[in-house]
Amino acid sequence: MEAELIRRSREGDLDAFNRLVETYQGQVFSLAYRMLGTRAGAEDAAQEAFIAAFRNIKSFRGEHFRAWLLRIATNACYDQLRAAKRHAGSSLDAMLDNTAWEPASTQRSPEDQAISAELGREIQRAIATLPPDQRAVLLLADVEGLSYEEVAEATSANVGTVKSRLARARARVREHFSSKQELLPPSLRLAK
70 MEAELIRRSR EGDLDAFNRL VETYQGQVFS LAYRMLGTRA GAEDAAQEAF
120 IAAFRNIKSF RGEHFRAWLL RIATNACYDQ LRAAKRHAGS SLDAMLDNTA
170 WEPASTQRSP EDQAISAELG REIQRAIATL PPDQRAVLLL ADVEGLSYEE
220 VAEATSANVG TVKSRLARAR ARVREHFSSK QELLPPSLRL AK
């Protein structure tokens, strides 16, 4: 089914491409949101990614479409991060303060919901402190569930580089939480 939509998209069929957009828009937005930290930035990056994908679909060589699309989305996020750095827009703290977090379940106690919301904010803060290359690898592998090979394809890096960036990113996130053990579930707390 996907192969047929790709084939038709390569021939200029906008309806076929729109079906691909519907399939992947959640993943592209999620990646962009986690990389950029704002809903507006994520929407812009996702839109830019899909426009670029449609313009360049004829250059798609038939490898993993999801990895190809997420590479385009990652590049759109990098472009936004570079532009924000040049224009020195809002601070990272301001971006995080504007982030809305939803509790995972309404059947939990208010205390559990508050802890979960704080953990979500703290995870986002930890991810936001990572350099963009480490952030992208962490999000693609640990959040989006891509294999090392797919992450390598999505980031235009070799598998060894992906593994080392991922190890460094995980170490930095672990270090971030070393002083915030109370937010972690007991099974994830580090021994003292």
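In my numbering, the protein residues as written are 70 to 261. Cβ atoms here follow ideal geometry from the backbone N, Cα and C, with glycine treated the same way.
Stretch pair the region 178 to 196 + the region 122 to 134: three plus CB contacts closer than 8 Å: No, the region 178 to 196 does not touch the region 122 to 134.
Where aspartate 84 falls, given that 16 or more other Cβ within 10 Å makes a residue buried: exposed
Exposure label - glycine 95; buried when at least 16 CB within 10 Å: exposed
Alpha carbon of arginine 67 to alpha carbon of glutamate 91, nearest angstrom: Past the edges of the chain, shown from 70 to 261, lies residue 67, and the structure says nothing about it.
Cβ-based neighbour list, phenylalanine 134, same chain, cut-off 7 Å, excluding 5 preceding and 5 following: Glu71, Ile75
Supposed contact pair alanine 142 and valine 212 - C-beta distance, whole angstroms, cut 8 Å: In this structure valine 212 does not touch alanine 142 by the C-beta definition: roughly 13 Å separates them, more than the 8 Å allowed.
At least three beta-carbon pairs within less than 8 Å, the region 136 to 155 to the region 100 to 114: Verdict: yes, contact present.
Residue burial classification, arginine 151 (beta-carbon count within 10 angstroms, cutoff 16): exposed
Stretch-stretch touch, CB-based, cutoff 8 Å, three pairs: the region 183 to 203 with the region 239 to 248: yes
Beta carbon of glutamate 132 nearer than 8 Å to that of glutamate 222: yes
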